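Worksheet: the structure to be examined is printed underneath.
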Amino acid sequence: MELATTLISHTVWNAVREVGINPNYWYPVSWANELKPGKIMSVVIWQQAIAIYRDETGNLHALEDACPHKGIALHKGEVQGANLVCAYHGWALNGDGKLVDIPYLPPKQKLPCAQARSYPIQEKYNIIWIFPGNPSLAEHCHPPDVPEFDDPNWLMVPIPGHFQAHFSICNENTMDVFHGFLHKELQGWFDPLLINLREGEGKVCADYQVSYRGLLSKFLGLSEQGNQVTTKTVSIQYGYPHYHSSLEGISSLYLMRLPVGPSLTRSFSLLFLKIRLPQWFLSIFRPLLAQIIWNWFLKKFLDQDKEMIESEQRTYLANPQRRYVEINPAIVALQRVIVKQYEQYMQQSNQPGNNGHPDSSAIATDQSQPIKENSIIG
Ligand code: FES
Ligand SMILES: [Fe+2]
-11 MELATTLISH TVWNAVREVG INPNYWYPVS WANELKPGKI MSVVIWQQAI AIYRDETGNL
49 HALEDACPHK GIALHKGEVQ GANLVCAYHG WALNGDGKLV DIPYLPPKQK LPCAQARSYP
109 IQEKYNIIWI FPGNPSLAEH CHPPDVPEFD DPNWLMVPIP GHFQAHFSIC NENTMDVFHG
169 FLHKELQGWF DPLLINLREG EGKVCADYQV SYRGLLSKFL GLSEQGNQVT TKTVSIQYGY
229 PHYHSSLEGI SSLYLMRLPV GPSLTRSFSL LFLKIRLPQW FLSIFRPLLA QIIWNWFLKK
289 FLDQDKEMIE SEQRTYLANP QRRYVEINPA IVALQRVIVK QYEQYMQQSN QPGNNGHPDS
349 SAIATDQSQP IKENSIIG
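In C-alpha cells:
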C-alpha cells in the first residue's frame, strides 16, 4: 500500500515499546567464526536462554539452556563428540536434546525419559541463526538473502551492535534518515526528503533523497575531494525483523536484529561497499581494511546513534505514560508493523489446538523475499 510521505503530527503509541517479538523468524545470535568446534556459547533471544554448541565434527546444535535433570545452565557443561554434557552430574544430551547417557546409571537400569528443548539452527553469511518459534515453520522461512556476500567486487564490513534499549527504538533509528543532524560533525548527510513509502504484510519500504558533502561523500566515492554536493536515493526495506538499505549500488547494508529482552537489543550487520581498489590489493588487505573502516569511521556514527537510542529508552522507562510526537510517516508505519506482528503471533498462539504455536499456513513467511504486489495489504 502506498502511503503519504508527509504527516502533520502523530502521537506515538507507547504500546510499541512494550511488545514482544514474533518468534517465527530466524534471528542472528553470534558471528559463526566465534564458535569453534567443541565449544559452547550462551545466547538469549527475547528472554529465552539457549546454549549453542559446535560439536567435534563442526555441526551446530541449540538447546534450551537448562538441564532436564535439575535446571543447571547447559552452557556451563562440555562437548563430548556430538553430545553436550551437563557440568553438574555429567548427564549427556544429544543435539536433539535427548538424554543419551547418565555416567552413574546402574547397569540394568533404563535411562529416564528426559529431554531439553532443541531449536532449529543454521549458519549463513558467517552468522549463526536460530528459529525460536514453532520448529515446524522454520523451513518455510529463511534468513535474508545477501547476494553481495560472495561477490569480490564488494568490501564487506561486519558491524556488531549492542544497545540498552527495546528493539523498536533501535529499528526506528535505522528507518529514520531525518537524524542526519546528529552526525553533522562527522559530515554524514543532509537535506533528507522522504519520496516514497509503502507498507506490506510485515514490511515497510521507504525511499529517501539525501545529499552528501564532505567526509562521508569522499568515503563513498561520490566526489573526489568531497567538496561537491551529491544527491542520491537511499532505499530502506524493513522486512520484519531485519533491514536492508542500499544507496544506488554504492553501498548496501544488511542489519540483522536480535531482541534480547525488553531493554536489550543486539545487531549483526553486514555493510558492503564498492571500493575502487585493485583486486590484488583487496585480496590481501580485505580484513584489515574492513577493520580500519569500522574502527576509525563507522564506529563513530554508531556510537552517536547508541547514545541517542539509550537516552530514549531511559526517558521512556522513567515515565512510560509520557507522550511523544512524530512527523515521519515511515516511523509510524514501522511501529504499526512491529505491533501487528506481535499481536498476530499472540492471537495465533492462543487459538485452541495450537499448543502455543501458530498455524503454519497462517504465519509462514519468507524473510529473503522483497515485497510482492500480491502481499500488499490495504
Ligand atoms: S543438573 Fe545436569 S546433570 Fe544434574
Ligand atoms: Fe545514525
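If you use this note's numbering, the sequence shown corresponds to residues -11 to 366, in order. Built from N, CA and C at the ideal position, the CB exists for glycine as well. This one's a predicted model, so the numbers in the text were calculated from it and none came from an experiment.
{"Item": "What residue does the beta strand (DSSP E) around residue 108 start on, and which one ends it?", "Value": "It is not in any beta strand (DSSP E) - residue 108 carries neither H nor E in the DSSP assignment."}
{"Item": "So, helix, strand or coil for residue 27, using DSSP?", "Value": "coil"}
{"Item": "Does the Cβ-Cβ distance between residue 157 and residue 151 come in under 9 Å?", "Value": "yes"}
{"Item": "Rounded to whole angstroms, how far is the Cβ of residue 15 from the Cβ of residue 129, which I believe are closer than 8 Å?", "Value": "So it is not a contact: roughly 11 Å between Cβ atoms."}
{"Item": "What does the shell around ligand 1 hold, if a residue joins when its beta-carbon is under 5 Å from any heavy atom?", "Value": "55, 57, 58, 60, 74, 76, 77, 79"}
{"Item": "Chain E beta carbons: is any one of them nearer than 9 Å to that of residue 43?", "Value": "The chain inventory of the structure shown lacks chain E, comprising one protein chain alone."}
{"Item": "By Cβ distance, which residues of its chain are closer than 8 Å to residue 174, with the 5 residues on each side in sequence left out?", "Value": "203, 204, 288, 289, 292"}
{"Item": "Can you tell me whether residue 9 is buried or exposed, with buried defined as 16 or more other CB within 10 angstroms of its CB?", "Value": "buried"}
{"Item": "In the structure shown, what three-state DSSP assignment does residue 89 receive?", "Value": "strand"}
{"Item": "May I ask you to report which of helix, strand or coil DSSP gives residue 191?", "Value": "strand"}
{"Item": "Find out if the Cβ-Cβ distance for the pair residue 81, residue 120 is shorter than 9 Å.", "Value": "no"}
{"Item": "Apart from the five residues on each side of it in sequence, which residues of its chain come closer than 6 Å, Cβ to Cβ, to residue 263?", "Value": "143"}
{"Item": "What are the boundary residues of the beta strand (DSSP E) that residue 220 is part of?", "Value": "218 to 227"}
{"Item": "When you compare only the Cα positions, how much space is there between residue 64 and residue 52?", "Value": "13 Å"}
{"Item": "Can you give the Cα-Cα distance for residue 213 and residue 177, rounded to whole angstroms?", "Value": "16 Å"}
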